[in-house]
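Here the protein sequences line up with chains P and F, keeping their order.
Be aware that the first sequence starts at 1, since it is given in our numbering, and climbs by one per residue.
Be aware that the second sequence starts at 1001, since it is given in our numbering, and climbs by one per residue.
In this text, a Cβ means the ideal position worked out from N, Cα and C, and glycines have one as well.
Heads up, the thing below is written out as structure tokens.
2 protein chains.
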Amino acid sequence: MIIDRNSPIPQYFQLQRWLVEQLEQGVFKANDKIPTEAELVQMTGLARATIRQAVQNLVNLGYLVRKRKLGTFVLDKAEESENQTIVGMLLPDIRAGYAPELARGAEDEASKNKQSIILCNTDDLFLKAEFHADRLIDNNVAGVIFVPTAASDEKNKYIVEKFTNKNIPVVLADREIPGHSIDLVTTDNFKGAYTLTENLIKQGHKKIAITLSTLFSTERQRLEGYKQALSDNGIKIDSNLIMTHDGLYAEKYYTEIAHKLFKQKKKFTAIFAGHDRIAYLINSVAMDLGIGIPDDISLVGYDDLNPSYHNQLDLSTMHQPIYEMGIESMKLINSRIRGDKSKAKSIVLESHLVERSSVFPIKGEVKKE
Amino acid sequence: MIIDRNSPIPQYFQLQRWLVEQLEQGVFKANDKIPTEAELVQMTGLARATIRQAVQNLVNLGYLVRKRKLGTFVLDKAEESENQTIVGMLLPDIRAGYAPELARGAEDEASKNKQSIILCNTDDLFLKAEFHADRLIDNNVAGVIFVPTAASDEKNKYIVEKFTNKNIPVVLADREIPGHSIDLVTTDNFKGAYTLTENLIKQGHKKIAITLSTLFSTERQRLEGYKQALSDNGIKIDSNLIMTHDGLYAEKYYTEIAHKLFKQKKKFTAIFAGHDRIAYLINSVAMDLGIGIPDDISLVGYDDLNPSYHNQLDLSTMHQPIYEMGIESMKLINSRIRGDKSKAKSIVLESHLVERSSVFPIKGEVKKE
DNA sequence: AATTGTTATTTGTATAGACAATTATACTAA
DNA sequence: TTAGTATAATTGTCTATACAAATAACAATT
């Protein structure tokens, strides 16, 4: 029996639930006609007004459409809702680093599905991320692409859970949250840094300085790759050459670090900058100090940002497919929006070395493959 | 009388309209209790079920809340709707030129009001702008910030009208649509180019080449400013030194143009690049050709993009307050969203000259102020 | 002072029946 | 063939009535 007249649950609501069940089980399919009100009266024994109340609610909820004289029909939920969704995107700063490229990749993929992206700048701060998260939830975003902030893993997890608690899927882009299994699209920063460092070693460099921030999983992994490459090549790790700091990227910091490094110039022949922006900054400090790159010191970066803009430096670097990262993040979030409940995925994209002219091979020391 | 029983308009709908009218006229104010169903039965002579139908619709539409035993109350529409709005932003490419800075300014101002921004890349193409416009309308944006595309004025107007026909206000950012009076936030490109050109003249340059696209109002105005400055200083305009093209920005074009220019090197001493990206490209062509800037040729740009990134060139340029342009665009669209019906405004922000070292003063020719 | 019970008020759910409006379809007339 | 017309099916609007459920406010009890 469809309706239990002794239940405390309102009968119109019982009917409503039953109808939704039929829809979800595919008994009534998209564009099908459901039984007429008269038929439902027969089937349930309810008054027509009660039937109408249930059906009206489902019309309001977007499950059904009524057509005069024709009957009541099932709306194609997928068509109506899967498109036209809005996806939130939380990234550090749309002006800086790889963010524009990432946003563009995501937006291009979104456009294909007639989706839209709401863009939020976190400046890598937990509080801003939280603020934007609440707004995105209020705006009923269907999913979120999140570049974790510089805050602790717990705090980043907290942001993710704000969404997942409301059944809004989240995909992390670029940076992971260690110890938590969440969908992720990134590159292999360990491997990339390993390759980059090994390339320096092959060109005869043994004393390689590195400078980066420890706040982000990506840069920490690059540090590990660097260390491993040194170890594997029998080079002792010199902690004086590892200049980490635990703050956000700021010109002031890295200018200081660059100065400190150059003061002990004789101790190293190459610098591994944590990312391209650091590399460009180091280059400009070097110019100020009259140090030539690559003549005096070799320099590599990581990211391969917009090389056309600052091709005066001609930086050797590890190219990350940022645009593709945006696309893949969007594809993954879409599969979650469509209801893919499988366990968390990590999509790891391939980086590749881009050799330009900021590395000077040390004569007589170049190893052959 | 509230209800006209002879009208063909359903009585529940008449009542509904009457209630909305009362709400809008402030007869029932926010958080007020409206008459009970019993009272409305008395007032209208309708059956309670009909009353309920009208009230239920208004509950669904978010005008009212029902509270058992207490009555039915007016929701504070303003609180619910004025904030939480979404503003659309149509710009050429979030990766390129001033777009990131503009987007960030707009987003920061939006955040203050708990608004969100949907970002769309038009690539300066009419068809993409149209596609995104439809999506923005579907997403019920409350307003739109639009950087006109490279298409004709009529086509850009058509995009604007798509929105205004649906009562969605539009603010143009940076570029205007000549001949159409629409809210605009920009800088004075004529004056800026005039100042920039005059500065070159003061430093002894008389033969100044210029290269830019004629597709955008901004660049056309810069050309006019350049011409006027030459005329006012008694310098004849040499059409051989004006290299315009009527396509979108593309490295290929400007590389060609730069090569053409440098072939007739002796005819000029300075180049006015239509914007910074062109300037950086010209610089890199010059480097390839072994031409020194500023030693052989002086170079100025327009925009003052991210100078920290490519400070090898140290470009003299006209600084445009792009971030502020984003903020002001957002403020203006918000005043329209809040219902400001006054006539179209043009907000013109101040640019200023940034003198760096890409201009070489020609000895003995420098004029004094 | 705190708890429990009662009452009146108001919205919530439900029935049975009537007529109106709309429109796909079939039929009819030009 | 086309245009108009009737008809039947179906949803849309409306009435009158009844009882249920929730709860603020008050009263009674402990």
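Residue i at chain P interface by Cβ criterion, 8 Å
| i | result |
| --- | --- |
| E1107 of chain F | yes |
| A1103 of chain F | yes |
| S1007 of chain F | no |
| S1116 of chain F | yes |
| L1061 of chain F | no |
| A1286 of chain F | no |
| R1048 of chain F | no |
| I1094 of chain F | yes |
| N1121 of chain F | yes |
| P1321 of chain F | no |
| R1052 of chain F | no |
Pick from the options that is closest to residue i, judged by C-alpha positions
| i | options | result |
| --- | --- | --- |
| K112 of chain P | P:N306, P:M287, P:K69, P:K331 | P:K331 |
| N57 of chain P | P:T72, P:G339, P:A38 | P:T72 |
| P169 of chain P | P:K191, P:V141, P:S351, P:G274 | P:V141 |
| G301 of chain P | P:L349, P:V87, P:S335, P:R277 | P:R277 |
| S1346 of chain F | F:R1356, F:E1219, F:L1184 | F:L1184 |
| S357 of chain P | P:L200, P:M325, P:D246, P:V285 | P:L200 |
| S1298 of chain F | F:K1128, F:K1207, F:A1133 | F:K1207 |
| A110 of chain P | F:A1250, F:H1132, F:V1144 | F:H1132 |
| D1246 of chain F | F:A1258, F:E1219, F:S1335, F:I1237 | F:E1219 |
| F1190 of chain F | F:N1167, F:D1138, F:L1061, F:E1176 | F:E1176 |
| F370 of chain P | P:E21, P:V27, P:T149 | With chain P running from 1 to 369 in the structure shown, residue 370 of chain P is simply not present. |
| E24 of chain P | P:N6, P:L64, P:P8 | P:L64 |
| A250 of chain P | P:K263, P:Q203, P:D124 | P:D124 |
| D295 of chain P | P:D303, P:A270, P:H275, P:L281 | P:A270 |
| H275 of chain P | P:N306, P:K263, P:H259, P:I291 | P:N306 |
| A38 of chain P | P:V27, P:K29, P:K69, P:L261 | P:K69 |
Residue(s) in a DSSP beta bridge with residue i
| i | result |
| --- | --- |
| K1033 of chain F | F:F1073 |
| M318 of chain P | P:Y302, P:L353 |
| S181 of chain P | None; S181 of chain P has no bridge partner. |
| M1243 of chain F | F:T1211 |
| L1091 of chain F | F:N1121 |
| K67 of chain P | P:G71 |
| I3 of chain P | For I3 of chain P, which the question treats as bridged, DSSP gives no partner whatsoever. |
| I1347 of chain F | F:V1185 |
| I1086 of chain F | F:S1116 |
Boundaries of the beta strand (DSSP E) in which residue i is found, first to last residue
| i | result |
| --- | --- |
| R1338 of chain F | Here R1338 of chain F belongs to no beta strand (DSSP E), and DSSP marks it neither H nor E. |
| F1268 of chain F | Element bounds for F1268 of chain F: n/a, residue is neither H nor E. |
| T211 of chain P | 208-213 |
| N121 of chain P | 116-121 |
| L1172 of chain F | 1170-1173 |
C-beta neighbour in chain F for residue i, strict 8 Å
| i | result |
| --- | --- |
| Q11 of chain P | no |
| Q84 of chain P | yes |
| I293 of chain P | no |
| L299 of chain P | no |
| D138 of chain P | yes |
| L15 of chain P | no |
| K368 of chain P | Summary for K368 of chain P: the model assigns pLDDT 45, below 50, so the residue's position carries little reliability; its value from the coordinates is reported in the next sentence. So, not an interface residue. |
| V354 of chain P | no |
| L91 of chain P | no |
| P100 of chain P | yes |
| Q135 of chain P | For clarity, residue 135 of chain P is Arg in the given sequence; the question names Gln instead. Chain F, which has a Cβ nearer than 8 Å to the Cβ of R135 of chain P, makes this yes. |
Delimiting residues of the alpha helix (DSSP H) encompassing residue i
| i | result |
| --- | --- |
| F163 of chain P | 153-164 |
| R277 of chain P | 276-288 |
| V1147 of chain F | From DSSP, V1147 of chain F is part of no alpha helix (DSSP H); its letter is neither H nor E. |
| A258 of chain P | 251-263 |
| Y12 of chain P | 11-25 |
| Y1226 of chain F | 1217-1232 |
| Q1053 of chain F | 1048-1060 |
Would you check if there are 3 or more beta carbon pairs closer than 8 Å linking the stretch 223-239 of chain P to the stretch 189-201 of chain P? yes
Meets three-Cβ-pair contact criterion under 8 Å: the stretch 1085-1104 of chain F and the stretch 87-99 of chain P: Verdict: yes, contact present.
How about the stretch 334-343 of chain P and the stretch 120-128 of chain P: do they share at least three Cβ pairs that are nearer than 8 Å? no
Are there three or more Cβ pairs, one per stretch, closer than 8 Å when the stretch 1134-1150 of chain F is compared with the stretch 156-167 of chain P? The answer is no - the stretch 156-167 of chain P does not touch the stretch 1134-1150 of chain F, with fewer than three Cβ pairs under 8 Å.
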